[in-house]
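Some notes on the structure that comes next.
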C-alpha cells in the first residue's frame, strides 16, 4: 500500500502547476447565488472530469425555498444537485460533499484570480470556499484512478449551500443515509485545523403588523408595528446564553415609511447558534411564543427554520478524525482539531447519522470578503491528504471493477 500511496502522491505533486491553472479558470466563472449560467458551466466542468473516472451523473431537481427565505436570499431558479456516483461493490461507501456556489454576485468587482508576487498565495472569489476544495478532491480521485485504486465514492455538488441548502437538503439527507463515511470540502480552519464539532444554526424572521395613522392628527388611532417589533427584539436579546454557547443575533431590520406616519409594518431577521439539539427546541419554543393571535394589535408573526442541526463531536467522528490525522502525519502534515460556531452541509449529513469530517479543503482565509485568499501549496498537500485518506478508509488495496 505504501508504494501505491507514493505513486499517487507523486502524481499529485506533478500536477501542481496544472492545479493552479485549473483553479484560475474555475475562479473566472462567476457562481454567485442564482447565477444559473455560471453554476451550470462550472458544474459541467467538474462532472465531465468525474464522468471520465466512470461516475454516473444524475441531476436531482431542487425544492423550492420557503417564501420568507426567498425574501432574504432573493428569488431565482431552483438549482439541481449533481450526484456523481462511482460505486464499487463491497467497499466502504464514501460521500464527498462540495458546493459550487459562492457569496459573490456576478457583478462583484472581486472577480479575478490574482497570484501574489512570491507565488505563495492567490486571491479570488471562492478560492478557498470552495473551488479550491472541489479541485483537490477531483485531482485526488483522478490520481487514485490512474494508479488503479478503485474506491467507492459519491461526489455530491449542490449550488445553494451559501444560502442554507434549502433546495438541496433532501438530496443531502437521502445520500447521507446510503453512505458509510462523509467527507466535506469546506476550507480548513486556522492553522489547517479539522472541524471536529460544529454548532447548529437557525434562521428566523419576525413580522409585526400594526395600524397606520397620521402621527400628528390621529396618533391615538394608530398601532405602531415598530414599537411592537422593539418589544419582540428585546425578548429575543434575552434568549442568548453565553455560558451554554447559545447566541441569538438580529439584523437586518426595517419598518415604517415616514416620521409623521404611525408604521403599520415592521420586520427583522435573525440567526441563532447552539451547541446541542435541545437548545434548538428551546429557542424554537421561545420564538414561537412571541407570535400573537390574528385579532391582536399589533399582530406578531414568527417564521423560523433550524435547518442546520448541531454537529457534536461523537465517538465515530473522533475516530474518523484520528484516522485523518494519522494519514496527515504520515505525509509530514499536521492536522489539529478544533470546534467552531460556523455551519455547513456536514451538519445536515451528520444529522442523518453519517459520521462526517468537513474541513478537508484547502488552507487560506478571508472567507466571504474581497480579501479571500488561498495558500497555493495547500492544493497539492490537501489533495494528497484526500487521496491517502480515501485509501485508508477503503483498506488501501487496488481492486478491479
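Numbering (my numbering), first residue to last: 23 to 423. Glycine included, each C-beta is placed from N, C-alpha and C at the ideal position.
Taking the DSSP output, what are the residues bridged to residue i?
i: residue 224; result: 294
i: residue 143; result: 397
i: residue 135; result: In DSSP, residue 135 forms no bridge with anything.
i: residue 78; result: 107
i: residue 263; result: 268
i: residue 129; result: Bridge partners of residue 129: none, in fact.
i: residue 378; result: 204
Can you tell me whether DSSP reads residue i as helix, strand or coil?
i: residue 111; result: coil
i: residue 386; result: strand
i: residue 59; result: helix
i: residue 31; result: helix
i: residue 51; result: coil
i: residue 312; result: coil
i: residue 271; result: strand
i: residue 422; result: Here residue 422 scores only 44 on pLDDT, less than 50, and its place in the model is too uncertain to base an answer on.
i: residue 438; result: Because residue 438 is not part of the residues shown, which for the chain are 23 to 423, the question remains open.
i: residue 416; result: helix
i: residue 403; result: helix
i: residue 121; result: strand
i: residue 256; result: helix
i: residue 187; result: coil
i: residue 160; result: helix
i: residue 69; result: helix
i: residue 173; result: coil
i: residue 278; result: coil
i: residue 83; result: coil
i: residue 179; result: strand
i: residue 24; result: helix
Go ahead and label residue i buried or exposed: buried means 16 or more other beta carbons lie within 10 angstroms of its beta carbon, across all protein chains shown.
i: residue 130; result: exposed
i: residue 427; result: Nothing about residue 427 can be reported from this structure: the residues present for the chain run from 23 to 423 only.
i: residue 344; result: exposed
i: residue 386; result: buried
i: residue 301; result: buried
i: residue 12; result: The first residue shown for the chain is 23 and the last is 423, placing residue 12 beyond what the model contains.
i: residue 102; result: buried
i: residue 256; result: exposed
i: residue 236; result: exposed
i: residue 416; result: buried
i: residue 406; result: buried
i: residue 25; result: exposed
i: residue 413; result: buried
i: residue 32; result: exposed
i: residue 281; result: exposed
i: residue 231; result: buried
i: residue 319; result: exposed
i: residue 84; result: buried
i: residue 58; result: exposed
i: residue 294; result: buried
i: residue 247; result: buried
i: residue 221; result: buried
i: residue 89; result: exposed
i: residue 243; result: exposed
i: residue 422; result: Because the pLDDT of residue 422 is 44, which lies under 50, any placement of that residue in the model is unreliable, and the number read from its coordinates should be weighed accordingly. Per the 10 Å Cβ criterion, exposed.
i: residue 81; result: exposed
i: residue 273; result: exposed
i: residue 140; result: exposed
i: residue 341; result: exposed
i: residue 187; result: buried
i: residue 419; result: With a pLDDT of 44 at residue 419, under the threshold of 50, the predicted position of this residue should be treated as unreliable, though the coordinate-derived value follows. Answer is exposed; the Cβ neighbour count stays below 16.
i: residue 169; result: buried
i: residue 378; result: buried
i: residue 390; result: exposed
i: residue 316; result: exposed
i: residue 224; result: buried
From this set, the options, which residue's C-alpha is nearest residue i's C-alpha?
i: residue 127; options: 53, 146, 80, 77; result: 53
i: residue 124; options: 39, 224, 185, 263; result: 185
i: residue 251; options: 317, 285, 24; result: 285
i: residue 107; options: 138, 172, 234; result: 172
i: residue 45; options: 306, 113, 411, 399; result: 399
i: residue 253; options: 289, 390, 296; result: 289
i: residue 394; options: 55, 38, 143, 160; result: 143
i: residue 357; options: 314, 403, 374, 312; result: 403
i: residue 374; options: 303, 212, 354, 191; result: 191
i: residue 271; options: 279, 36, 296, 287; result: 296
i: residue 183; options: 371, 241, 388; result: 371
i: residue 216; options: 51, 355, 161, 227; result: 355
i: residue 269; options: 261, 276, 275; result: 261
i: residue 327; options: 135, 305, 336; result: 305
i: residue 267; options: 119, 361, 233; result: 361
i: residue 153; options: 136, 410, 396; result: 396
i: residue 277; options: 313, 314, 233, 298; result: 233
Let me see if you follow: with CB-CB separation under 8 Å, is residue i close to chain B or not?
i: residue 337; result: The structure shown contains no chain B, having only a single protein chain.
Where in the stretch 194-254 do unbroken runs of the beta strand (DSSP E), each at least 3 residues long, occur, reported from the N-terminal end onward?
203-206, 216-220, 222-231
Ranges of the beta strand (DSSP E) found wholly within the stretch 296-368, counting only runs of at least 3:
321-330, 359-362
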